[in-house]
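Following: one structure in structure tokens, then a few remarks.
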Amino acid sequence: MNNQKYELVVVGGGPAGLAAAQEAYDQGIRDILIIERDFELGGILQQCIHNGFGLHYFGEELTGPEYAHQFIKNIRERGIDIKLDTMVLEVTPDKKVFAINSDEGMIEIDAGAVILAMGCRERTREAIDIPGSRPAGVYSAGTAQRYINMEQWIPGEKVVILGSGDIGLIMARRMHLEGAEVEAVLELLPFSGGLTRNIVQCLEDFDIPLRMQQTVVEIKGQDRLESVVVAEVDDNFKPIKGTEYEIECDTLLLSVGLIPENELSEEAGVEMSSITGGPIVNEGRETNIEGIFACGNVLHVHDLVDWVTEESLIAGKTAADYLKGGIAKRSKAIDVNPGENVGYIVPHKITNKVDDRKLVNLYMRAKQPMADVKINLYAGDKKLLDKKARRVEPGEMITFPVPEKMFSSNDISSLKVDIVKEEK
Amino acid sequence: MGKKVEITCISCPMGCDVELEIDDNNQIECMEGNNCKAGEKYVRNEYYNPTRILPTTARVKNGVLPLVPVKSKDPLPKEILEEAMTEIAKVELEAPIKLGDIVIENILDTGVNIVTTREILKKKQ
Chain V
1 MNNQKYELVV
11 VGGGPAGLAA
21 AQEAYDQGIR
31 DILIIERDFE
41 LGGILQQCIH
51 NGFGLHYFGE
61 ELTGPEYAHQ
71 FIKNIRERGI
81 DIKLDTMVLE
91 VTPDKKVFAI
101 NSDEGMIEID
111 AGAVILAMGC
121 RERTREAIDI
131 PGSRPAGVYS
141 AGTAQRYINM
151 EQWIPGEKVV
161 ILGSGDIGLI
171 MARRMHLEGA
181 EVEAVLELLP
191 FSGGLTRNIV
201 QCLEDFDIPL
211 RMQQTVVEIK
221 GQDRLESVVV
231 AEVDDNFKPI
241 KGTEYEIECD
251 TLLLSVGLIP
261 ENELSEEAGV
271 EMSSITGGPI
281 VNEGRETNIE
291 GIFACGNVLH
301 VHDLVDWVTE
311 ESLIAGKTAA
321 DYLKGGIAKR
331 SKAIDVNPGE
341 NVGYIVPHKI
351 TNKVDDRKLV
361 NLYMRAKQPM
371 ADVKINLYAG
381 DKKLLDKKAR
391 RVEPGEMITF
401 PVPEKMFSSN
411 DISSLKVDIV
421 KEEK
Chain R
1 MGKKVEITCI
11 SCPMGCDVEL
21 EIDDNNQIEC
31 MEGNNCKAGE
41 KYVRNEYYNP
51 TRILPTTARV
61 KNGVLPLVPV
71 KSKDPLPKEI
81 LEEAMTEIAK
91 VELEAPIKLG
101 DIVIENILDT
111 GVNIVTTREI
121 LKKKQ
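Protein chains in written order, with the UniProt record's numbering: chain V, 1 to 424; chain R, 1 to 125.
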């Protein structure tokens with residue numbers, strides 16, 4: 001076998017892997033390899049040709065490819081090694097990375113540290129159990145996005161979209177502008193997980209109907225999709241008998257959620273969270289295995305790439321610190337727990353002792369939309385901090401900066417955050 | 001008689017539903033439902049002159065991909081988006097392409113250029 005050795009191996013060349021590699025380099029690590037399975041760097045950004053990226057990180061509005069370009073350029077300028085068209089097959093707990101490509105064959109890489117940045121993939125028809133026949137014309141929205149935006153192939157002419165998350169909304173506009181008829185966007189929940197701005201600019205601009213609390217209950221068609229049967233659902237998401245109606249269409253796009261892609265992590269023995277579907281990490285984005293880090297959508301699904309970048313810079317820096325001689329630990333780790341109306345919080349725990357650190361950002365998602373709220377931070381029963389928000393949405397990640405001095409005491413062993421209606 | 005118009009404000013995640021009363025001279029007589037100044041500005045603009053950035057693709061010959069993503073460098077009037085799509089569909093570019101190359105200058109006399117948003121290398125023969 002072809003044996004190689006790198007100080008740092010980054011698995012995945014999307015926004016997470018690029019930012020992590022860049023930061024590790026800027027922190028003094030020179031011997032870095034990025035492994036990417038596609039023919040180019042940039043990951044999913046290359047197919048997200050719409051604008052709206054970068055407002056937080058770059059302070060200007062960019063398209064996906066423009067956002068990716070900034071980081072690809074930085075990686076090239078730094079001369080960081082890249083293997084394209086290369087698939088990682090296994091990462092071992094002692095940080096050996098097995099990969100394969102058609103130039104080198106099987107490669108075994110001995111890594112000092114590994115950053116997992118494999119991103120996520122889409123839930124499929126099978127994952128949500130839609131009954132019916134199995135004709136052509138049923139796609140996940142992201143697959144259709146790649147076909148249309150990169151491969152010059154329009155999936156169909158008459159489209160129904162299931163799921164009103166941002167990808168579903170963006171694809172409704174895209175299909176419409178490319179000349180397809182978008183019959184409807186259906187949403188199981190009583191609210192859309194997408195940004196209001198996308199509902200306005202992708203649906204209302206083109207009079208595409210958004211139908212709440214409805215879902216597809218049957219797929220019909222022999223060779224090609226001919227129609228879908230749609231029904232209203234009750235509060236438990238069960239279809240209501242008698243409300244069924246049929247929409248003729250040749251294409252169904254599914255935008256029904258994303259799942260972090262963690263086969264490699266699990267095989268390596270990385271401890272996983274059942275809520276995020278990603279690894280359990282500390283504030284440096286280090287997993288339970290020393291020297292293995294995770295960042296971006298493989299860790300938890302982000303709404304904005306800007307937050308992916310922010311998180312990946314943290315992972316890159318901690319990986320560099322680890323390689324430069326290790327990280328001091330607190331005598332007692334702090335568990336960070338979600339309270340009322342909080343779905344999850346990343347990081348899951350605070351374990352490191354960092355002298356020059358001013359604060360630690362907690363990233364979290366609300367379970368339910370709520371207006372005029374207070375976000376409270378507790379240590380045990382004692383309230384440490386709160387902040388007000390006019391509105392929280394499950395679709396928009398909340399950043400809650402916590403000053404180091406609030407939890408530096410060794411007495412603190414857990415933090416909890418809840419989101420409650422503000423009392424007026 | 002005036003008319004009523006509803007606009008969803010998108011200047012922040014609140015997404016206020018704002019109701020406008022428009023008088024016979026097409027002037028905004030009264031605005032209700034917005035909670036801030038930024039909202040007022042957005043809604044005013046959205047009523048008189050709604051604009052959008054248009055991101056789409058253009059065809060490419062001899063590239064590693066058959067398409068290059070493009071966008072309007074500045075926002076275009078909302079009502080000409082589909083017409084602009086037709087103009088962009090007529091273009092075929094030749095690889096290699098750099099990010100920021102002008103695809104169409106002054107599209108539909110708007111003063112706005114259509115530019116590429118990534119590089120496309122030449123396909124190896």
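Even for Gly, the Cβ is constructed at its ideal location relative to N, Cα and C.
As the structure is a computational prediction, the values presented were derived from the model and not from experiment.
Would residue i and residue j qualify as a contact pair, given that the criterion is a beta-carbon distance under 8 Å?
i	j	result
lysine 95 of chain V	isoleucine 292 of chain V	yes
leucine 84 of chain V	glutamate 40 of chain V	yes
cysteine 120 of chain V	glutamate 267 of chain V	no
residue 450 of chain V	histidine 348 of chain V	As displayed, chain V neither begins before 1 nor continues past 424, which places residue 450 of chain V out of reach and without an answer.
valine 70 of chain R	isoleucine 88 of chain R	yes
asparagine 198 of chain V	isoleucine 49 of chain V	no
glutamate 271 of chain V	asparagine 297 of chain V	no
leucine 258 of chain V	threonine 215 of chain V	no
leucine 45 of chain V	proline 15 of chain V	yes
residue 427 of chain V	glycine 112 of chain V	No answer is possible for residue 427 of chain V: it lies beyond the span of chain V, which begins at 1 and ends at 424.
leucine 169 of chain V	leucine 203 of chain V	yes
isoleucine 167 of chain V	glutamine 145 of chain V	yes
arginine 52 of chain R	leucine 76 of chain R	yes
residue 176 of chain R	proline 96 of chain R	Because chain R spans 1 through 125 in this model, residue 176 of chain R falls outside it and cannot be assessed.
lysine 421 of chain V	aspartate 372 of chain V	yes
glycine 33 of chain R	glutamate 19 of chain R	yes
glycine 284 of chain V	histidine 300 of chain V	no
asparagine 3 of chain V	methionine 106 of chain V	no
alanine 24 of chain V	cysteine 295 of chain V	no
valine 392 of chain V	proline 369 of chain V	yes
lysine 124 of chain R	glycine 63 of chain R	no
aspartate 110 of chain V	leucine 33 of chain V	no
Out of the options, point me to the one whose CA is closest to residue i's CA.
i	options	result
lysine 73 of chain V	R:Lys98, R:Ala89, R:Glu87	R:Lys98
leucine 377 of chain V	V:Ser414, V:Glu204, V:Asn2, V:Ser408	V:Ser414
residue 425 of chain V	V:Thr86, V:Ile259, V:Glu108, V:Val354	The first residue shown for chain V is 1 and the last is 424, placing residue 425 of chain V beyond what the model contains.
glutamate 290 of chain V	V:Trp307, V:His302, V:Lys329, V:Thr276	V:Lys329
arginine 76 of chain V	V:Ala21, V:Glu122, V:Thr318, V:Glu61	V:Ala21
proline 338 of chain V	V:Ile327, V:Asp303, V:Lys367, V:Lys416	V:Lys416
glutamate 66 of chain V	R:Arg59, R:Glu29, R:Glu119	R:Glu119
isoleucine 107 of chain R	R:Lys123, R:Asn26, R:Leu93, R:Met85	R:Met85
glycine 269 of chain V	V:Asp356, V:Glu90, V:Gly13	V:Glu90
proline 135 of chain V	V:Arg211, V:Phe71, V:Gly221	V:Gly221
alanine 58 of chain R	R:Ser72, R:Lys78, R:Asp17	R:Ser72
aspartate 234 of chain V	V:Leu225, V:Leu210, V:Glu244	V:Glu244
glutamate 286 of chain V	V:Glu311, V:Asp303, V:His302, V:Glu263	V:Glu311
glutamate 178 of chain V	R:Glu94, R:Thr56, R:Val103	R:Thr56
valine 217 of chain V	V:Asp207, V:Leu225, V:Leu210, V:Pro239	V:Pro239
Short of 6 Å in beta carbon distance, which residues of its chain neighbour residue i, apart from the five on each side in sequence? Order them along the chain.
i	result
isoleucine 35 of chain V	Val11, Lys83, Thr86, Val88, Ala99
asparagine 101 of chain V	Asp85, Thr86
isoleucine 29 of chain V	Glu7, Leu8, Ala320, Leu323
glycine 343 of chain V	Arg365, Lys367
Starting from residue i, trace the alpha helix (DSSP H) in both directions and tell me its first and last residue.
i	result
alanine 58 of chain R	It is not in any alpha helix (DSSP H) - alanine 58 of chain R instead sits in the beta strand (DSSP E) that spans 55-61.
asparagine 149 of chain V	141-150
tyrosine 378 of chain V	Note, tyrosine 378 of chain V: premise wrong, no alpha helix (DSSP H); beta strand (DSSP E) at 370-379.
isoleucine 128 of chain V	125-128
lysine 317 of chain V	305-323
methionine 175 of chain V	166-177
aspartate 26 of chain V	15-26
lysine 71 of chain R	From DSSP, lysine 71 of chain R is part of no alpha helix (DSSP H) but of the beta strand (DSSP E) over 67-72.
arginine 76 of chain V	64-78
asparagine 361 of chain V	From DSSP, asparagine 361 of chain V is part of no alpha helix (DSSP H) but of the beta strand (DSSP E) over 359-366.
isoleucine 289 of chain V	Looking at the DSSP string, isoleucine 289 of chain V is not in any alpha helix (DSSP H), and its letter there is neither H nor E.
valine 91 of chain R	From DSSP, valine 91 of chain R is part of no alpha helix (DSSP H); its letter is neither H nor E.
arginine 44 of chain R	37-48
Can you give me the start and stop residues for the beta strand (DSSP E) that residue i sits inside?
i	result
aspartate 110 of chain V	105-116
phenylalanine 98 of chain V	96-101
arginine 390 of chain V	382-392
alanine 333 of chain V	329-338
glutamate 404 of chain V	Where glutamate 404 of chain V is concerned, there is no enclosing beta strand (DSSP E), given that its DSSP letter is neither H nor E.
To which residues of the same chain is residue i closer than 7 Å at the C-beta, ignoring the five residues directly before and after it?
i	result
glutamate 183 of chain V	Lys158, Val159, Val160, Ile247, Cys249
threonine 351 of chain V	Asn282, Lys329, Arg330, Ala333
residue 425 of chain V	Summary: the structure shown does not reach residue 425 of chain V, with chain V confined to residues 1 through 424, and so no result is reported for it.
aspartate 74 of chain R	Val112
threonine 117 of chain R	Pro69, Val70, Lys71, Leu99
Do residue i and the ligand HEM come close, with the Cβ less than 7 Å from some heavy atom?
i	result
glutamine 214 of chain V	Among the ligands in the structure shown, none appear at all, so the ligand HEM cannot be discussed.
Using a Cβ-Cβ cutoff of less than 8 Å, which residues in the same chain neighbour residue i once the five nearest sequence positions on both sides are dropped?
i	result
aspartate 386 of chain V	Lys374, Ile375, Asn376, Leu377
The stretch 137-147 of chain V touching the stretch 250-263 of chain V, judged by at least three CB pairs closer than 8 Å:
yes
Contact the stretch 2-11 of chain R vs the stretch 398-409 of chain V: 3+ CB pairs below 8 Å:
no
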